[in-house]
Each structure stands twice: as structure tokens, then as C-alpha cells.
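Let me begin by presenting the structure, written as C-alpha cells, before commenting on it.
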Amino acid sequence: GTNPIKGKVVAITGASSGIGEAAALMLAAQGARVVLGARRLDRLEVLKSRIEEAGGEAVCIQTDVKKREDLIRLVQLACNQYGRLDVMINNAGISLLSRIDEVQVEDWEQMIDINLKGTLYGIAAALPVFKKQGSGHIINMISTSGIKIVPLQGIYAGTKNAVRTISEALRQESGGQYRVTGISPGFVQTELIDTIKDPAIRASMKERAAQIAISANDIAGAVVYAISQPENVDIGDIVIRPSVQD
Ligand code: NDP
Numbered sequence: 004g005t006n007p008i009k010g011k012v013v014a015i016t017g018a019s020s021g022i023g024e025a026a027a028l029m030l031a032a033q034g035a036r037v038v039l040g041a042r043r044l045d046r047l048e049v050l051k052s053r054i055e056e057a058g059g060e061a062v063c064i065q066t067d068v069k070k071r072e073d074l075i076r077l078v079q080l081a082c083n084q085y086g087r088l089d090v091m092i093n094n095a096g097i098s099l100l101s102r103i104d105e106v107q108v109e110d111w112e113q114m115i116d117i118n119l120k121g122t123l124y125g126i127a128a129a130l131p132v133f134k135k136q137g138s139g140h141i142i143n144m145i146s147t148s149g150i151k152i153v154p155l156q157g158i159y160a161g162t163k164n165a166v167r168t169i170s171e172a173l174r175q176e177s178g179g180q181y182r183v184t185g186i187s188p189g190f191v192q193t194e195l196i197d198t199i200k201d202p203a204i205r206a207s208m209k210e211r212a213a214q215i216a217i218s219a220n221d222i223a224g225a226v227v228y229a230i231s232q233p234e235n236v237d238i239g240d241i242v243i244r245p246s247v248q249d
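Residue numbers (full-length UniProt numbering): 4 to 249.
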């Protein structure tokens with residue numbers, strides 16, 4: 004049969020590196036038309052070129068998920084360029100680990116603004132289009148940090164678990180009009196670790212990543228799987244960890 008990915012219009016936040024970039028490449032290779040958003044426009048331009056050189060279709064726009072209007076513009080780009088939006092992947096995220104009693108309130112706010120509010124802005128931008136089309140698919144990048152609670156990741160996990168809760172409510176409310184998928188990766192080798200500010204925590208996470216982390220492509224495969232399902236099949240939650248992760 005024909006590849007169910009072919010022709011799908013997929014917007015991805017945080018497409019400039021890691022999981023978002025890997026998902027964009029894998030989806031485009033299977034014929035999706037990808038709409039790339041992130042703050043680093045230079046990286047998006049390079050990715051767009053790579054995709055086009057391989058025969059794929061992509062557009063990009065500078066997107067800061069802290070700004071609601073940037074998400075609206077990302078969705079508008081999809082609609083203007085390709086006439087529709089089939090999938091919105093809320094993937095942008097940061098992980099600023101610290102003990103809660105260190106009271107790093109600015110870091111907490113960054114994670115709430117990007118991981119939680121950024122995802123909500125993505126949902127808010129996509130849903131009106133999905134309702135008009137009578138179809139669509141929200142994919143939220145969550146984390147195993149929200150499943151197994153550990154020290155240092157309290158606020159990060161809190162933002163991720165908020166997204167998990169909201170995803171499930173949205174799925175129930177959708178009435179089959181659109182689909183909702185939450186993907187919870189475990190330890191993945193990406194640039195996320197570089198965003199950890201505390202040098203000691205960053206160093207120990209890097210060492211652990213080198214030992215056990217799986218690749219961004221392992222997560223991209225799950226994105227492709229969720230999107231590939233027939234319209235009447237909703238993949239609710241996918242958890243993907245290194246086999247050796249606790
Ligand atoms: P990366 O750091 O490689 O990628 C994160 C992406 O988010 C970058 O493209 C970055 O682009 C983007 N981003 C950050 N802030 C913003 C912003 N304000 N607006 C728009 N884009 C932003 O990390 P990963 O690929 O690992 O992370 C992707 C998602 O996966 C995140 O939600 C993360 O929490 C989640 N995750 C990752 C795990 C891991 O072990 N790596 C484990 C579990 C979940 P730019 O800086 O150009 O804006």
C-alpha cells in the first residue's frame with residue numbers, strides 16, 4: 004500500500020536539533036511536508052536544505068514557543084504553504100536541573116514557559132485548524148522524568164506531567180475529531196544535556212548519556228509510528244527508554 008506519511012503536513016517545534024531534527028528528517032524522507040520551527044533559524048535553514056537535497060519538502064520559520072504569536076505564525080505557514088496542518092508536534096523543551104531548595108525561580112519559569120506554556124500555545128494554534136478540517140493530530144514530547152520521579156528533576160518533571168495530564172484530557176475531549184499522542188523518551192543523546200546549567204550535574208549526566216543513551220532516531224521512529232496509524236487508531240502514550248534505564 005501507499006505510505007500513510009506521504010503528503011502529511013507536519014509542524015515541529017524545536018526542530019533545530021535532537022529529537023525534533025531527527026523526526027523532521029525521518030518524516031520528510033517518507034514524504035511528509037515538514038514545517039520547521041525553532042529559535043535558531045540558521046540551523047533550520049541548513050535542515051531545510053538537507054531535506055530538499057534528499058528530495059523532500061520543508062519550510063521553516065523562526066519560532067520562540069514562549070511567544071503565542073510565533074506558534075500562530077508556524078501554523079499559518081503550514082496552511083499558507085500546503086493548505087492544511089495534519090500534525091502538530093510540540094517538541095521544544097529545556098531541562099534545567101537543580102534541587103528545589105536552591106530556589107532557582109528563573110529556571111523554573113523558563114521550563115514552565117517553554118515546556119508547558121509553549122506546548123499549550125502549540126495546541127491553541129493547531130486546534131482551530133483541526134476543528135475546521137475535522138482531523139488533525141497533536142503529538143507532545145513528554146519525558147520518563149514525569150513517570151519515575153527523581154531528585155533534581157522536580158520542576159522539569161512537573162512541567163512534563165502537566166503536559167501528560169492535559170494530553171489525556173484533550174484526547175478524551177477530541178471525540179475522535181483529532182488524535183492526541185504523548186511520547187515519553189528516557190535518556191536520549193541530544194543537546195538537551197548542554198542546557199543543564201549546574202556544571203557538576205551536567206558532567207554526570209553527560210557521562211551517563213555516553214554510557215546508556217539511545218538515539219534521537221529511536222524516538223523519531225515512534226513519531227512516524229503514531230502518525231502512520233489509520234485515522235480511527237489513536238496511539239495515546241509511548242514510553243521509550245534505553246533497555247538498561249531504571
Ligand atoms: P535538544 O536540546 O537537542 O533540542 C531542543 C529543541 O528545543 C531545540 O531545537 C531548541 O531549539 C528548541 N527550543 C528550546 N527552547 C525553545 C524555545 N523557546 N522556542 C522554540 N524552540 C525552543 O533536546 P532534545 O531533542 O532532547 O529535546 C526535545 C524534547 O524531548 C524536549 O521537550 C525534551 O524535554 C524532550 N526529552 C528529551 C530527553 C532526552 O534525554 N534528550 C528525554 C525526555 C524528553 P532552539 O534553541 O533553536 O530554539
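By construction, the Cβ of each residue, glycine as well, lies at the ideal position given by its N, Cα and C atoms. This structure is a prediction, so every number in the text was calculated from the model and none was measured.
Under the three-state reduction of DSSP output, Asp116 falls in the helix class.
Contact annotation, Leu44 with Ala27: C-beta distance approximately 14 Å; criterion of less than 8 Å not satisfied. One alpha carbon belongs to Pro245, the other to Ile215, and they sit about 6 Å apart.
Remark: C-beta atoms of Lys151 and Asp249 approach each other more closely than 8 Å. Burial check for Lys200: the Cβ neighbour count within 10 Å stays below 16, so the residue is exposed.
Looking from the CA of Ala223, the closest CA among Gly139, Arg76, Asn94, Gly10 belongs to Asn94.
Within 7 Å of the C-beta of Thr5 there is not a single heavy atom belonging to ligand 1. Counting along the chain, the unbroken beta strand (DSSP E) around Leu39 starts and ends at 36 to 41. The bridge partners DSSP lists for Ser52 come to none. With 16 or more neighbouring CB atoms inside 10 Å of its own CB, Gly149 falls in the buried class.
The continuous stretches of beta strand (DSSP E) do not include Glu171, which lies in the alpha helix (DSSP H) extending over residues 157 to 176. Contact between the region 71 to 84 and the region 52 to 59 is absent, with fewer than three C-beta pairs closer than 8 Å.
Note that the C-beta distance between Ala18 and Ala41 is below 8 Å. For Ala25, same chain residues with a beta-carbon under 8 Å away, outside a window of 5 residues either side, are Ser218, Ala219, Asn220, Ile222, Ala223 in chain order. Nearest Cα to Arg182 within the set Glu72, Ala213, Ile141, Leu130: Ile141. Taking the C-beta atoms as reference points, Leu155 is found nearer than 8 Å to Ile204. For Ile196, same chain residues with a beta-carbon under 7 Å away, outside a window of 5 residues either side, are Arg205, Met208, Lys209, Ala212 in chain order. Here the alpha carbons of Ala127 and Phe133 stand approximately 10 Å from one another.
At least 8 Å separates the beta-carbon of Leu30 from that of Ile64. Proximity to Ile186 across Thr168, Gly179, Ile243, Ile97 peaks at Ile243, based on C-alpha coordinates. Of all alpha-carbon atoms in Ser20, Thr5, Gln33, Gly21, the one lying nearest the alpha-carbon of Val12 is that of Gln33.
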